[in-house]
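A quick write-up on the structure given underneath.
Residue numbers (our numbering): 4 to 434.
Right, dumping it as structure tokens:
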């Protein structure tokens, strides 16, 4: 292991512990490696940029970001709240159930856990604290746990990035996350039932059955987006990459022409916000290519694959050990760092053991979502603490049961790959 690589690792670990922006950590560590190793920075950067320009899947990232921002600007979350409340609000702890259900639906319009938490999640947090007897830490913890659904449901930005790294099918990844997301939803709602008894949470208003069709009808228009998105992919009308552009266009149609609450000035602001977010994500991806170049130059991926094969591990045992490593590192490292730095190192071993790339992608995505809600450095916890004003200590204490619950779901997916692969196989994956 060279001095340059040790310098890279030191920058990554130090930056993560000090909570520097992930983009800055990745870029500085990659540039430092090239400088210390004496390589031509200009040539490597030029080669990296040229190779990234050939990856059409990158188009999906800014388009999905734009679609999510337009839907948030169109106040879709407020429109969906009434429908979710009518369905499950009548039960004890109803506001918690509504939060979980609304996040599941909004996930199909967003694809990002952070934007989901900051958008629909904050609406849910305010409603829980206003309507019910929800402690501040608990309301934010429910919102944080529910936001983990976003990257499991298409369109999922982490899955798009994983597909870029691994070469796995984006369409198969999108379908593979649906059943695990439904399992997570049921598990989280079961946790709310237990929490409701423990904290004596109130019931919501029972909506008469005669009013239910009218309430649900108001959600029909926004729900056309995931229907068009998934239907187009499954029927082959457009590719998963093209679906991102379709999603962005349809979101603008809904916000500007149908609901008419996103004017030209508002649309311009959404474009500026989306460009800033996309630039940060693209710089992060570009920087990760340089870091991955360092790993390849050092031969770490091949060495790890050879070491794993020498241990004679079964695929299940390998996945258990990898997930344990991710869970431990996730308490101090950002999920994006692990996705962009660690996954490429592990892929040769995944190939050698015959583990399905789509299954590994779903498992890794859920693990990274657990990482961003895990104390003490979970990114979403800090975002929600800043937005809600609830002290981070209260949130950390309240989030632990949800973390353990999601780890249980993660273990279920590791032991039973069919839970994630069943739906893609129904549509011809692996045939």
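In this text, a Cβ means the ideal position worked out from N, Cα and C, and glycines have one as well.
Can you grab the Cα-Cα spacing for the pair residue i / residue j, in whole Å?
| i | j | result |
| --- | --- | --- |
| residue 62 | residue 399 | 36 Å |
| residue 147 | residue 237 | 30 Å |
| residue 364 | residue 299 | 21 Å |
| residue 416 | residue 172 | 19 Å |
| residue 163 | residue 82 | 28 Å |
| residue 292 | residue 384 | 28 Å |
| residue 326 | residue 370 | 7 Å |
| residue 393 | residue 401 | 12 Å |
| residue 183 | residue 414 | 11 Å |
| residue 221 | residue 263 | 15 Å |
| residue 433 | residue 176 | 12 Å |
| residue 38 | residue 14 | 14 Å |
| residue 260 | residue 75 | 15 Å |
| residue 169 | residue 354 | 10 Å |
| residue 430 | residue 239 | 11 Å |
| residue 428 | residue 418 | 18 Å |
| residue 7 | residue 346 | 21 Å |
| residue 378 | residue 302 | 33 Å |
| residue 22 | residue 213 | 52 Å |
| residue 397 | residue 93 | 27 Å |
| residue 405 | residue 191 | 7 Å |
| residue 315 | residue 329 | 21 Å |
Who are the near neighbours of residue i in its chain, counting only those whose CB is closer than 7 Å to its CB and skipping five residues on each side?
| i | result |
| --- | --- |
| residue 25 | 287, 337, 339, 340 |
| residue 235 | 241, 246, 249 |
| residue 359 | 420, 424 |
| residue 218 | 85, 86, 89, 210 |
| residue 295 | 347 |
| residue 306 | none |
| residue 91 | 97, 100, 101, 104 |
| residue 77 | 257, 258, 262, 264, 265 |
Sorted by chain position, which residues of the same chain lie with C-beta nearer than 6 Å to residue i's C-beta, five sequence neighbours on each side aside?
| i | result |
| --- | --- |
| residue 356 | 318, 321 |
| residue 73 | 254, 255, 258, 273 |
Hey, would you say residue i sits closer than 8 Å to residue j, going by beta carbons?
| i | j | result |
| --- | --- | --- |
| residue 67 | residue 145 | no |
| residue 33 | residue 290 | yes |
| residue 2 | residue 36 | Past the edges of the chain, shown from 4 to 434, lies residue 2, and the structure says nothing about it. |
| residue 64 | residue 284 | yes |
| residue 195 | residue 96 | yes |
| residue 186 | residue 156 | no |
| residue 225 | residue 79 | yes |
| residue 107 | residue 167 | no |
| residue 165 | residue 349 | no |
| residue 375 | residue 382 | yes |
| residue 198 | residue 141 | yes |
Among the residues of its own chain, which have a CB less than 8 Å from the CB of residue i, if the five just before and after it don't count?
| i | result |
| --- | --- |
| residue 271 | none |
- Query: Is the number of C-beta pairs between the stretch 16-32 and the stretch 266-275 that are closer than 8 Å three or more?
  - Reply: no
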